[in-house]
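Numbering (the numbering used here), first residue to last: 2 to 453. We put the beta carbon where it would ideally sit given N, CA and C, even for glycine. From a predicted model like this one, the values you see are computed outputs, not experimental measurements.
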């Protein structure tokens, strides 16, 4: 009888255990949902690397059925709720809030501020415009006049032309300063009327001579002057892209890029991108004015160009890495062949001989860019060299998958020409390095045959 009772109790225990185990087993669907939620919570505390963020540009990370490519929204207008009240997130009109453009602005903000301490939970302060110069125009319009803009002595000629031809009529004064000497910037600011707004416009590397400015030192030198002057530090980082240099992390108030170049990266989109610092006082002060300049000024990036740029950003890190590597190899080869090829100067921050090489090593993370300039003794040799190239194409712009070469002096306005007559700017694409070397070698030989 005792034995039977023991067996009975043991059987009941086994039955209860089986029943409890059955109840605790999750269905596959529930297991998947719980695992996803748990992982999302844990990864939120461990931000992704820049390559991962770029690879997912434009994708909505939330949801169970997200598209693997950013959607393209082309509608210009949207229906209004019956009660007349727009909800948070509602679209109204394309100039104000096109979803594709907003997605691009979010992606750019995340990229520009990825390592910026204190940017967490800040409002997105990136703005996409219909061209690079539309972005420059909007930065200027966000300031009060009289306005003094300090420019480096080497920069993209479109900026100085815009200031001279358009904004000079509206109490905007442009002055060129040797910004490689920080003390010259301080002196220039101190000579400005204290009632003027002041923009310190940096370009690094510069176009076309590849000067590298010490952004952090300039921003630090300007800081004590803010008590007496309204100063905005702006960096045009088009030639570096945010992969190599992120000016907001170095203390700048505004970061500007011609998105046409490296960010879009395929020679098929036209737009400009401006990001205000979410952590500097001046960045905060400019938000309202920049919103007005973009929305009321109306020069917004089109949905299609925004979509193309989101597509391009997904390979930005891979493209820039390859372009930097190929450029370094080609320039080092050309430096060894300078005398034979009749090259009198090479301008590239990756060369040890470059005057700002040490600054570039500290400031440009992961490479020295995909653009360099080479200078011949005379214009005829430069033009013959460019004309002889076959793999490399003669065209303006930079940052695309094809290597481009351009004679800069002949495209710059005569009254603001800064490039020497024998200078050629080269933007390296994604071709094989050996094909580029062969093209350069043969073109140099032909140029010397023709120009004797």
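Can you pull the DSSP bridge partners for residue i?
i           : result
residue 175 : 150
residue 237 : 204, 257
residue 377 : 344
residue 130 : 273, 301
residue 57  : Answer is none; residue 57 lacks a bridge partner.
residue 198 : 148, 231
residue 372 : 428
residue 406 : 395, 427
residue 78  : 94
In chain order, what residues of the same chain lie with their CB nearer than 7 Å to the CB of residue i, ignoring the 5 residues before and after it?
i           : result
residue 161 : 152, 175, 417
residue 192 : none
residue 358 : 350, 352
residue 440 : 390, 391, 392, 393
residue 459 : Because the chain spans 2 through 453 in this model, residue 459 falls outside it and cannot be assessed.
residue 110 : 125, 126, 127, 276
Report yes if the CB atom of residue i is closer than 8 Å to the CB atom of residue j, and no otherwise.
i           : j           : result
residue 263 : residue 321 : yes
residue 129 : residue 105 : yes
residue 155 : residue 212 : yes
residue 340 : residue 347 : no
residue 112 : residue 280 : no
residue 407 : residue 419 : no
residue 78  : residue 284 : no
residue 288 : residue 297 : no
residue 228 : residue 183 : no
residue 410 : residue 422 : yes
residue 255 : residue 205 : no
residue 245 : residue 260 : no
residue 275 : residue 291 : yes
residue 325 : residue 369 : yes
residue 313 : residue 267 : yes
residue 412 : residue 378 : no
residue 139 : residue 294 : yes
Where does residue i land, buried or exposed, given buried means 16+ other C-beta within 10 angstroms?
i           : result
residue 99  : buried
residue 8   : Residue placement at residue 8 is poorly supported in this model, since its pLDDT is 48, which falls under 50; the coordinates are not used for a value here.
residue 65  : exposed
residue 216 : buried
residue 4   : Low per-residue confidence applies at residue 4: pLDDT is 46, beneath 50, and the placement is therefore not dependable enough to give any value.
residue 311 : buried
residue 24  : With a pLDDT of 47 at residue 24, under the threshold of 50, the predicted position of this residue should be treated as unreliable, though the coordinate-derived value follows. Flag for residue 24 reads exposed.
residue 194 : exposed
residue 365 : buried
residue 360 : buried
residue 69  : exposed
residue 40  : exposed
residue 323 : buried
residue 453 : exposed
residue 166 : exposed
Following the continuous beta strand (DSSP E) through residue i, name the residue where it begins and the one where it ends.
i           : result
residue 426 : 424-428
residue 92  : That residue, residue 92, is in no beta strand (DSSP E); it is neither H nor E in DSSP.
List the endpoints of the continuous alpha helix (DSSP H) containing residue i.
i           : result
residue 441 : 434-451
residue 158 : 158-166
residue 318 : 317-337
residue 113 : 100-113
residue 360 : 358-364
residue 187 : 183-191
residue 36  : 29-44
residue 289 : 288-296
residue 213 : No alpha helix (DSSP H) contains residue 213, which DSSP labels as neither H nor E.
residue 169 : Looking at the DSSP string, residue 169 is not in any alpha helix (DSSP H), and its letter there is neither H nor E.
residue 243 : 242-245
So, for residue i: in the same chain, excluding its five sequence neighbours on each side, which residues have a beta-carbon less than 8 Å away from its beta-carbon?
i           : result
residue 437 : 327, 331, 392, 393, 404, 429
residue 190 : 151, 199, 201, 223, 226, 230, 232
residue 35  : 27
Can you list, in chain order, the residues of its chain whose CB lies under 6 Å from that of residue i, leaving out five sequence neighbours each side?
i           : result
residue 427 : 373, 406
residue 147 : 172, 197
residue 399 : 262, 372, 428
residue 56  : 315
residue 451 : 385
residue 95  : 77
residue 424 : 374, 376, 409
residue 22  : At residue 22 the pLDDT is 45, less than 50, meaning the model places this residue with poor confidence and gives no usable figure here.
residue 187 : 222
residue 265 : 309, 310, 313
When you measure from the CB of residue i to every non-hydrogen atom of the ligand ADP, does any distance come out below 7 Å?
i           : result
residue 253 : With respect to the ligand ADP, the structure offers nothing, as it holds no ligand at all.
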